[in-house]
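One structure is given here, and the rest of the page talks about it.
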Amino acid sequence: MRLNIALTAATSGLAIGVAALATPAFAQSVGSVDFEKEIIVTGTRSGTQEVGGVSAPDTSKAKAVLTAENIQRQNPGQTILDTINQIPGVNFQNNDAYGSAGGTLSIRGFSSDRISLTFDGVPLNDSGNYAIYSNQQIDPELIEQVNVNLGTTDVDSPTASAVGGTVNLRSKKPDHDMGIMLSGSAGEFDFMRIFVKVETGDLTESGLRAFASASRATNDNPFNNYGKVAKQQYNAKIYQPLGGDDFFSLSGHYNQNRNNFFGSLPLRTDTTQSIANQTGRNAGPLSGNRFPITKLERFYTINAPCMIPDGVNGTAQAASNCGTEFDRRYNPSNTGNVRAQLRLTLADNLILNVEPSYQYVKANGGGTVTGEEGLRDINPAGGTANLAACRTTPTSATNNCVTGYIGGRPYFGRDINGDGDMLDSVTVLAPSQTQTHRIGVIAGLRYEMDESNTLRLTYTFDRARHRQTGEVGMVAYTGEPLDVFPVNAGLKDSTGAILQKRDRLSYAVLHQVSGEYRGQFMDDRLTVTAGVRAPFFRRDLNQNCFTTSAGGFLDCFGTNSALNSAYATLNPAVSGPQQRVFNFSKILPNVGFTYRVVDDLSVFANFSQGLSVPGTDSLYNAFYFAPGTAGTKPLPETTDNFDLGLRYRSGKIQASVSGYYNQFRNRLASAYDPVLDQNVYRNLGNVKKYGVDGYVAYQPADFLTLYAFGSVMKSEIRDNIVIGENTDGSPIYAPTAGKREAGAPKYSWGGTVRGKFGPMEIGLTAKRTGERYVYDTNEATFQGSFVPLGAKTSTGLTPSLSNAQSAATGQIYGATAAAYWLVNLDMRLSLEGLGLNDQTYLQLNVYNLTDSFYVGGFGGGLVQSNTFNRTTGVSSYGSPGFVQIGAPRTVSGTVVFKF
């Protein structure tokens, strides 16, 4: 065992490069790391060239990498997805400056549910809807590097949704030297964070070593008077070298988040309730509020503290609104994984890699509902009896009043608030609960045919048991949940059944085989790669509730078989509990080359196909229709992605520019289906995406590094989308043909200046993010009425607005969210001058230095919600969507010691 009594920390410098940096392993699995490692070795003549930590070794794919030097310059505890915002083509809007409250990611205009996120080869996307949760990522102090595939994926990626690319995190190896790292941070909004890491150093002569770490962070949310964020995380890794490049590692990770939602407001800026009603409309999170107009309006107040009145025996109480606001909701999560990696040389030219993993997720999201102490009528004969009728006549020829979760409310049939009667409506907690057990393995063989030709074969397996429930819990008199996880002890009805708003069990299974060849020709000036992967996806879905609409609304009776039977008898047209299985597969090629034209200039190109399978959440909505009904099984999304670029590499300048074209087919979203006469999750057609990404790094002197990056993106939706139909069956459309997709910026550009002045280092990073359309129609947001494209009256005439409708119609927000700047400052001061080690330091971070006020994350929508009147041929505008406020200026400081 070695002990190094030293105070060390990450060194400075920007470290970003398209493909890789001085450390060569940049793909997510051991097999990909090993396979692509040799591209860097053989693709250079005298080692990897760098300029201020920026390197661009030849690879056929458009890749980008950040290393620990860059990652640890960001805010302490920052989510890695905010850090990669400086990569061309990547855009991320953070909900707060510290990274523990969520955010919105896109790559080349693809949303996060179309991007694969992996951690040491372990897939992190939600196994049901493929969502990415930015606040659950590993502590940045432990990330050796993050690499991003722009529009492509590696052939062994265990992903069901990667048409937009992949983000791969790679954790550090344990240090050779024994030591302890301590980091303490404090900042605005009562931010406090502690991070500690213990390194064992080499325990044996063979190099066996390990580390363990723990962190805890808390802060107030930046916008209202209530919300909190609390996060704790634990990590450990054991690493055993096996000789040469062979090794075995075993790692564990656990993360716990407890945070409130906040900062999500209606995207409208009109200051009155309507044109006719001049009552003021204030900034705030409620449906009757609006988005801020000024910086000061970003900060708002909700109904907290508050108190729920005591129940009164013999009196029917209405549900209290205390604790019901969006900002009172919790988004708790407990996530963890155990993962192993093995690289073993079987022969001089044959290498095996095996990477098994296990993951666990317990999380929920959602708020309160009104629960009823009474019963609900499930007999449609004679109409639905009200609560009073169910109390006096629960059973009759037209009444069958029962307990259950019906019509969006739980009916308990017993006293809930403790006042001794069954007359009350009570506020209860009813989030959507998810628990997932997920196992996977990547196993591959690499065969070196000779010095210039290499082949690898890989098998990938991924199986997620996805249990989705909706248990109900009580809230305290303050409106606070008694337990943020109602699944721990869900409330029961009078029959003893646990009431749930949903109850389903899913198995998402992947079997994938893949192969990849690499050959080098023309004195190693030309490198060719050719790969193919064949994924086979199975979705085994088990619905235990009654599906009452194509939008996925449910009536649930839990394990009460008698109630399930009675409901099915009285409502034969409603789709009952059932199982369905869906299978998807496709052969996906991935080919490319790099060619060194002259010593400092190379050209690269790549073609790849991507696949995104419909999520289980959306497939459940199709249970409303009989099995085999046309339109209820959407096709997977696919992409054909082409990249072509140039790289220039010298001792002073590193530069890269690449153009891409992406044909996006079978885009999936919820939209109207004219055959089913319902809004269902279906394919909406094709989209073309094309653009240019580039960067240049220049180091004129050792103390100064300059870096600039930029991206321009254009998308074009091919067709108008059907959103309804007239009385005669002819369609009405959203005018999307030729329009840009919503939510993606038209451009982004920026740069970094980093300088070293004695013991002080200063970095300034700025990024300009372009306008983002709110809707795929590229239209503004309105209140009032309009005539849709293709609309007719019931008599076949051309519709028009009445004078009153025209007078009540007006714009409430523009077509785009405005472009904005985000400027971040980091400063690091070495404390060597105080007699300490030169790597003990103080760090200052200022997020959003200029306090830019901007619209934060939103995904965009097909069209503004509306209601179509088939008689008049006129639609009424619905409410606008909710969007996040961009994180405000936030200052924090950190002190780091390493013993």
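Residue numbers (the numbering used here): -3 to 895.
Think of the CB as a built atom: it goes at the ideal place given N, C-alpha and C, for glycine as much as any other residue.
query: Straight-line Cα distance separating P218 from Q695; result: 38 Å
query: Beta-ladder partner(s) of A384, from DSSP; result: DSSP lists no partner for A384.
query: Assigned exposure category for A15 - 16 Cβ within 10 Å defines buried; result: Low confidence applies here, because A15 scores a pLDDT of 33, under 50, leaving its location unreliable; read the following figure in that light. It counts as buried.
query: The segment 364 to 383 touching the segment 274 to 282, judged by at least three CB pairs closer than 8 Å; result: no
query: Status (buried if at least 16 other CB within 10 Å, exposed otherwise) for Y401; result: buried
query: Cβ contact (3+ pairs, closer than 8 Å) linking the segment 143 to 150 and the segment 198 to 210; result: no
query: Residue-chain proximity (Q229, chain D), Cβ-Cβ < 9 Å; result: The chain labelled as chain D is not found in the depicted structure, where only one protein chain is given.
query: Local Cβ density within 10 Å of D344, reported as buried at 16 or more and exposed below that; result: exposed
query: Assigned secondary structure, D636 (DSSP; H/G/I helix, E/B strand, else coil); result: strand
query: C-beta contact flag for S502 and T612 at 9 Å; result: yes
query: Own chain, CB closer than 6 Å to L178, minus 5 neighbours either side, in chain order; result: V192 and F893
query: Straight-line Cα distance separating P154 from A530; result: 11 Å
query: N579 burial status per 10 Å Cβ neighbour count (16 or more: buried); result: exposed
query: Three-state class that DSSP yields for Q132 in the structure shown; result: helix
query: Distance between beta carbons of P406 and G362, contact taken as under 8 Å; result: Not confirmed; about 13 Å, so no contact.
query: Which of helix, strand or coil DSSP assigns to S796; result: coil
query: Close-in-space but distant-in-sequence residues of the same chain around G786 (CB under 8 Å, 5 per side omitted); result: N722, S726, P727, I728 and Y729
query: N221 - partner residues in DSSP beta bridges; result: N221 is not bridged to any residue.
query: Same chain, Cβ closer than 7 Å to G183, five either side skipped, listed in chain order; result: T886, V887, S888 and G889
query: Beta-carbon proximity of H462 to A526, cut-off 9 Å; result: no
query: Inter-residue spacing [alpha-carbon to alpha-carbon] between V118 and T331; result: 13 Å
query: Same chain only: Cβ atoms within 6 Å of L113, ignoring 5 sequence neighbours per side; result: L120, N121, I128 and V163
query: Endpoints, beta strand (DSSP E) assigned at L832; result: Where L832 is concerned, there is no enclosing beta strand (DSSP E), given that its DSSP letter is neither H nor E.
query: The beta strand (DSSP E) enclosing D689, as first and last residue numbers; result: V683 to A697
query: Endpoints, the beta strand (DSSP E) within which T612 is located; result: Here T612 belongs to no beta strand (DSSP E); instead the alpha helix (DSSP H) covers T612 to N617.
query: CA nearest to the CA of N662, picked from G690, V692, P610 and S561; result: P610
query: Uninterrupted beta strand (DSSP E) stretches inside the segment 213 to 258 (no shorter than 3 residues); result: 224 to 239 and 242 to 255
query: S875, DSSP secondary structure in three states; result: coil
query: Selection from M445, L797 and L348 that minimises the alpha carbon distance to T867; result: L797
query: Rounded straight-line distance, which links the Cα of G690 to that of S56; result: 15 Å
query: Helix, strand or coil at S802 according to DSSP, with G and I counted as helix; result: helix
query: Helix, strand or coil at E767 [DSSP, three-state]; result: coil
query: Assigned secondary structure, R736 (DSSP; H/G/I helix, E/B strand, else coil); result: coil
query: Where I304 falls: helix, strand or coil (DSSP); result: coil
query: Supposed contact pair I103 and V86 - C-beta distance, whole angstroms, cut 8 Å; result: 5 Å
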